[in-house]
Amino acid sequence: MKPEEIQKIAEIEHDMRMAYKYRIKVCCSSGCIPFGAQKLLKAFEDAVKELGLQNVCKVARTGCVGTCSVAPVVLIDPGNHLYQNVKPEDAKRIVQEHVVNGRILEEFVYKNEAYFSKQYRLVLRNAGKIDPLRIEDYISVGGYSALAKALTQMTPEQVIYEVTVSGLRGRGGAGFPTGQKWNFVAKSTAKPKYVVANLDEGDPGVFANRTLAEADPHAIIEGMTIAAYAVGAEKGYIYIRSEYPLAIQTLKKAIEQAKSYGLIGDNILGSTFNFDIELRLGAGAFVAGEETAILSSIEGLRATPRPRPPYPAVSGLWGKPTLINNVETLANVPLIILNGGAWFSKIGTPKCTGTKCFSLTGKVRNPGLIEVPMGITLKEVVYEIGGGVPEGRKFKAVLVGGPSGGCLPESMLSLPIDYESLTQAGAIMGSGGIVVIDDESCIVDTARFFIDFCMDESCGKCVPCRAGLPKVREILDKIMVGEGTEEDLKVLEELSYLIKDASLCGLGQTAPNPVLTTLNYFKKEYLSHILDGKCPAGKCNIKRMEVVKK
Amino acid sequence: MKEVVIDPVTRIEGHAKVTIFLDEDDTVKEARFHVTDFRGFEKFCEGRPYYEMPSLTARTCGICPVSHLLASAKACDQIASVEVPEGGERLRRLMHFGQIIQSHALNFFYLSSPDLLLGMDSEPSKRNIFGLIKEHPEFARRGIMLRKFGQQIIERLSGKRIHSGEWIVPGGVRTPLTKEKCEMILNETPEALKMIQKTLDEFKNRIDKFREEIENFGNFPTYYLGLVSKDGLLEHYDGFIRVVGPKGEIVADKLDPKKYFEYIGEAVEPWSYMKFPYYKPVGYPMGVYRVGPLARLNIVTKCGTPYADKELREYKKFGENGVVESTFLYHYARLIEILYSIEKVKEMLEDQKVLDENVQAKSYTCRSEGIGVAEAPRGTLIHHYKVDRDGKITWANMIIATENNNLAYNMAITQVAKKYVRGKRLTEGILNRVEAVIRAFDPCLSCATHAWGEMPLTIHLYDHRGREVDRLIQD
Amino acid sequence: MSERTVKLVIDGREVFAKPTDTILKAAKDNGIYIPTLCYLEGLTAYGGCRLCVVEVKGNPKLMTSCTTPVSNNMEVITNSPRLNKYRKQIIELLLAERTHTCSVCVANGSCELQELATRFGVDHTSVSRNWKRFEIDMTHERFVLDHNRCILCTRCIRVCDEIEGVHVLDVKRRGKDSSIVIDLDEPWAASYSCTSCGKCSAVCPVGAIYVKLKPLSETKKKELPEFVVERRRR
Amino acid sequence: MAKVKVATVWLSGCSGCHMSFLDQDEKIIELAEKIELVYSPIVDIKDFPENVDITFVEGAVANEEQLHQLKTIRERTKLLIAFGDCAVTGNVVALRNMFQDSVKEVLERAYVENVDHSKQYPTQVPKLLENAHPLHEVVKVDFYLPGCPPSAELINYVLNEILDGRKPSLEGRFKFG
Amino acid sequence: MTKNIYSNRLPVVQQLREANELSEYPKTVSDKRIILIDKTIAAYGYRRDALLEKLHVAQNIYGYLEKKILLHISEKLKIPPSQVYGVATFYNYFKLKKPGSHAITFCLGTACYVKGAEEILSAVEREFNVKRGETSADGKISIFVTRCVGACAMAPNVIIDDEMIGKATKETVLDKIRSLL
């Protein structure tokens, strides 16, 4: 295939689209499928057929729009009307009313305007727009034109330059400047080189990457291919959690399609550039998402992290230079190439450009997947997009950054979301989880839950994390049953610092964050367990109070 | 019924208390000796390699760890099916003599002599080794040095005074004795010998003063049990079990120690963690027997060393038919054993064979069972293990020297209490006598708390309605 | 053999090292002590015990000296109150992780963990000890694997893989549940890949793998011979 | 000059540490000048006195009586020393903790399985705790003196340092086991 | 693969072998499913790094990873068995024991936990006397715990035999399981 052909496909697709007046898009992502999205798709197809509207109305699947709490959802174009909680039996009525009678069914309409108005969708630009299983759909909205541009009009150096200018930083959590990373790999002389797309999103309560893969798999493939071109890699791996069957299927299909279109493989778009992508499945290990552990896992070993240096950019997969990027980072790349780094750098804040996807969950009214520009405040996210905590409850804390993030109190809500501010507050960007906790939840219990998670997921290689986390948990358990002492808090803090500073990888280095931040912001609640024998949330079962003799 | 509780019993090696029960007319009905701690060695060694047992079981007791090491190692020798080379056996024996010297010295000088020298009714806060240092500095120093002599033998052999578990191993011992260390010990023996002889003389000179104690401190007939060598001499390491009856008759001889369970039974009472072994052919609780120095000297007619044999003849005069009955005379027997041990140490070291470098036999073979028996300072000590095919312990039983005397303790304290405790008032001196009889036995309660523990002492006096009428705390 | 061309500062002392050296090597060659446990010269560095962490100027993270190569003008601190505190804590955690009962251990007196505890003054563990019981594998005719004492340093795994070349041993499960495994979790005697060479027992820093009926003080050669190390370097 | 009041206590242990204390041999005589042994298994005072300056506690805490006793000791002692491995780590005494239902299992073995007559658990004795604990899990400990047993020289060093008003430094001096 | 891996061993080993499930190994090579695995292995060109993929395939075919399968993969790929075992046990997804006929998977992700998944889980554990990660004595149900199935907005989520129950409550879950038995 030649670059011009992409344009041609896009035009044909466009014409085909225009042939239909209406387009009914049923969300078929993991959020909606358990609630009958497949049946719904079928029901709409049947309804359209039944009403004889095949020539007017196109029924298609699409990716997640983010409002998973009201699943399943249906979008109807033109107008992008969002219908929520649709059941198969409603399909006919909706088609009848909306398409035939031109009336919008108010009872189904999603009414929370603020949920969308505060968002800015770059990465998820195509979610809810295209059918993820059709490469033509992707091409029709401008897909693969960035690849074509890079291959035909730019040198690898120019590509890296644009990415550097864009200020894009790694979305996996650490926020390392992407351009710089590419540059390291590009400079390495050893061959072959590899690109790894990290889709091992293991944080409980986070599903942004999955959504991306399910809604727009080609954006990942395109971004990866551009990256490979820039650093001179010939082989790429997408490492994906096995818990995401739909995303795996979608990606598999997308890779096949891209191959058949000659968008990956040998002599891509007629150039001399060869790049092949292989899908690699994880098997339930959170730590495998760590930059070096992912390498071990791809090599077929236990996913234990390796000490750095040597960095993967120098010695990664099988000792060869390897570029590892999160899929969210990669999905940004086509946009940067098309619109230029300078354009991208204007989004977000000067130090943190672009947007970030968050999974907003916990005790909020509108949970779901959101994408917001960097620099937005937590308050805006929790109250405006999320709609605040449910009626009658009180906001207690927000946990930012997944299980190893930090618990921030109400007073910190004006904090802007960017790497530096979050780190300073004791939280992390992580892979983008925001969990809201209300007054029903005990802060000690919450901290224990996260420690529990990290403890279960610890690979066991280094001592502080392997042996330290169970001890942290033990102490929290003790506090929760009312047997803790103030001395324990001291030990807890000291242990946490040890684990944070001396652990081998990011998992251990961030695992104590929930404990440290809650000790910092919610010490009162700990002391209440210890000294008064009371759990403010009424959650812990404090058996007895030991009378401490002074 | 009234009850008097002495809690804890002091100046013994471990944790225990005593309860004295009184009838309505205030006469003593019974007295009980309670052991209040328990550690569970017999269970927690399960699943561990058998060759870890010596160093593990040595931790039953810090006073006589060597005896445990020996009994345990002997059991392990059987499991490993090895015959210990003569050199190894010699060094094991040598170390054991060191231990008998130090352990007996500990009991006599540190624990019991305050009663003997300062008096049963003397000021309790001074009635201890520190009081002795002040009042009888030369005597106290002699005790310290004698114990040191014993401990140093152990240290010179194994490098460590207490818990030399890495030295005594299945198949023998780990390292031979060096010539240099041999000479060091040898050079100290004359002095040690002099010290013990002096002590013996002093004891004999004062013995008339203790007529009352000899008469009343656990003076009753029992069986006596212990090891004797194959030619019938005093023995601490190996040999056969001999049981002697109350009248000095040999009830059973040449019993195989490995078949201990055929003639020793164990019973439990709810008020003590220490079990009650009894002589099986007679039954429980009539099969009371005593072990330890007194019993050992009762079952033999000769020690086998010149000085000790001379003392033995003199000693036997305190009993009939060669059997000395009074528990108080355990002290006497103990001193004779120290003398014997020092003589033996000298004899062994003077023989060049002691430097034999072939000290350990090695074998991987496993038998499934091993029983090791040794005479600990306090009496016959039995370790019995069963192992699986790989040599992991699946079951263990230990009968500790101190336990053997358990029935006798209760008889002895009952006797003392009957003699001294009268009416509603108690005095410290009375209670001290109860304790003194226990001290005479020299119970090692850390041993017995493999199965027991703590020994400081309060006496409660309860009336027959169970009300406390008096309590005496020794302070 | 390359020259000592890299100049760096360790604990305020200017030292020279080969470009291929690690910080640990450079320190050792210059008589500067850095505690190690999972590291054994001649085996691939593992970086698991974290005892050898050092501060490198300009790097906010602590670096394991056994894996970090030297670079010109690097400034390294191997001994600071913070580092020593962490080291103490790590030793405590190791002592608390499984049942390390020194008094009845074959390694008593020649155990690296015990020695480190002594050196760093770890006189007790401020965290509570675990008492989980592991089966001891005594099936092998000569060696014993006692998981109760294992500190998961993986020296045995590495020596088996890299020197003997068999890889009989590996780690099973993960995190706090990790333990050493033989073949497919077989009793040692049933291992069909084990060559009974005994290297694992020779490098075990504690009493987890040892020669039956021998105390460690008699059997251990924890360091690989210099020529082996040299050969491995090539 | 008033003598320093020293107590030694023996909980669940083997007495080896006390023996090692006595292994100071003739140095005991020198010590007698400086210290007064106000409570110990080797002296006849039955109740733990008030205002003790230094208490050496040997052994782990294994039964309810010892737990109570240790708390009393803590209240009445200025400087509490965990004396020996059992007190510091639990050592051999704590090996029983490795069994699931440790108390029942150890009692069963000792008092039922291995007994010929009147098999029963002793009941009129202090109840065993579910686990044997090192001292610092129960009370605050001021100084740790590990070793199985700690050597006489070490004991002597520590005691003399404390008597001279210095804090003993154990780095490089002691050894577990 | 017909050679007996235990030839030339001590008698002790013979005994161990008899007690060991691996002893049947040589007999099972004719198993058709093994051939299926072999094909996959061949398709991957015997590449060792694709071990995880092969374990995935084997688990899909057998439902769980028996030791003999692990050994087979180890021999085919020429990877030491301990390494295969280490990898298979590292990842939560691989099951080394036969699961029950009904799989009940609880999501214990943050959102589900915050919304009370733990209580539902304990209720199920109590009612059916199975602990998490284990299979009931009658082999009917297995309870698995996973960290986030990614449907956080519908928390708490329980998956019963591939059917997702969103916004689950104690009652709905218990009823559903009861109806299965």
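Chains as they are written, first to last, in my numbering: chain A, 48 to 597; chain B, 9 to 483; chain C, 9 to 242; chain D, 63 to 239; chain E, 652 to 832.
The C-beta atom is built at its ideal place from N, Cα and C for all residues, glycine as well.
Distance CB(residue i)-CB(residue j) smaller than 7 Å
i      : j      : result
V253/A : G449/A : yes
Y281/B : P184/D : yes
M63/A  : G220/A : no
M421/A : C454/A : no
N711/E : C758/E : no
P119/A : A90/A  : no
V276/B : K283/B : yes
C168/C : C212/C : no
V133/A : V121/A : yes
V114/D : K51/B  : no
T369/A : Y241/A : yes
Bounding residues of the alpha helix (DSSP H) (the contiguous stretch that carries residue i)
i      : result
I188/C : That residue, I188/C, is in no alpha helix (DSSP H); its beta strand (DSSP E) goes S187 to I190.
Y167/A : Per DSSP, Y167/A belongs to no alpha helix (DSSP H) and is neither H nor E.
L213/B : The sequence given here places Asn at residue 213/B; Leu does not occur at that position. Where N213/B is concerned, the enclosing alpha helix (DSSP H) stretches over K187 to R214.
C501/A : I490 to E504
S63/B  : M61 to T65
C164/C : R163 to R166
I268/A : P264 to V278
Bounding residues of the beta strand (DSSP E) (the contiguous stretch that carries residue i)
i      : result
C404/A : T402 to G409
Y287/B : F284 to Y287
E192/D : L190 to H195
K51/B  : Here K51/B belongs to no beta strand (DSSP E); instead the alpha helix (DSSP H) covers F49 to F52.
Supposed contact pair residue j and residue i - C-beta distance, whole angstroms, cut 8 Å
i      : j      : result
A148/B : L140/B : 4 Å
Y69/A  : D124/A : 7 Å
P251/A : F500/A : 6 Å
K165/A : V419/A : 7 Å
Y291/A : V243/A : Contact flag wrong, Cβ pair sits at about 17 Å.
K821/E : E770/E : 7 Å
> On the three-pair Cβ rule with 8 Å, is the stretch 356-366 of chain B touching the stretch 96-109 of chain B?
Replying inline: Yes, they touch.
>> Count Cβ pairs between the stretch 495-511 of chain A and the stretch 566-574 of chain A that sit closer than 8 Å; are there 3 or more?
In response: Contact between the stretch 495-511 of chain A and the stretch 566-574 of chain A is absent: fewer than three C-beta pairs spanning the two stretches fall below 8 Å.
> Three or more C-beta pairs closer than 8 Å, one from the stretch 89-109 of chain A and one from the stretch 152-169 of chain A: is that the case here?
Replying inline: Here the stretch 89-109 of chain A does not lie against the stretch 152-169 of chain A, with fewer than 3 beta-carbon pairs under 8 Å apart.
> In chain order, which alpha helix (DSSP H) runs of at least 4 residues are fully inside the stretch 720-788 of chain E?
Replying inline: For the stretch 720-788 of chain E, whole alpha helix (DSSP H) runs of length 4 or above, ordered along the chain, are 732-741, 761-765 and 768-779.
>> Ignoring anything shorter than 3 residues, give me the beta strand (DSSP E) runs that lie fully in the stretch 118-157 of chain C, in order along the chain.
In response: Contiguous beta strand (DSSP E) elements confined to the stretch 118-157 of chain C occur at 151-154, taking only those with 3 or more residues.
> Would you say the stretch 178-194 of chain A touches the stretch 48-60 of chain A, given that touching needs at least three Cβ pairs under 8 Å?
Replying inline: Yes: the two stretches touch, three or more of their Cβ pairs being nearer than 8 Å.
>> For a minimum of 4 consecutive residues, which ranges assigned as the alpha helix (DSSP H) are wholly contained in the stretch 292-355 of chain B?
In response: Within the stretch 292-355 of chain B, the complete alpha helix (DSSP H) runs of at least 4 residues are 301-307 and 314-323.
>> Count Cβ pairs between the stretch 376-385 of chain B and the stretch 139-154 of chain D that sit closer than 8 Å; are there 3 or more?
In response: Segments in contact, no.
>> With three or more C-beta pairs closer than 8 Å as the rule, is the stretch 110-117 of chain A touching the stretch 252-272 of chain A?
In response: The stretch 252-272 of chain A makes contact with the stretch 110-117 of chain A: 3 or more CB pairs, one atom from each, lie closer than 8 Å.
> Of all the beta strand (DSSP E) runs that stay within the bounds of the stretch 314-368 of chain A, which reach a length of 3 or more residues?
Replying inline: If we require 3 residues or more, the beta strand (DSSP E) runs fully inside the stretch 314-368 of chain A come out as 323-328.
> Would you call the stretch 138-154 of chain C and the stretch 105-115 of chain B touching, i.e. three or more CB-CB distances under 8 Å?
Replying inline: Touching, no, given that fewer than three Cβ pairs across the two stretches are closer than 8 Å.
> Would you say the stretch 402-412 of chain B touches the stretch 217-225 of chain B, given that touching needs at least three Cβ pairs under 8 Å?
Replying inline: No: the two stretches stay apart, fewer than three of their Cβ pairs being nearer than 8 Å.
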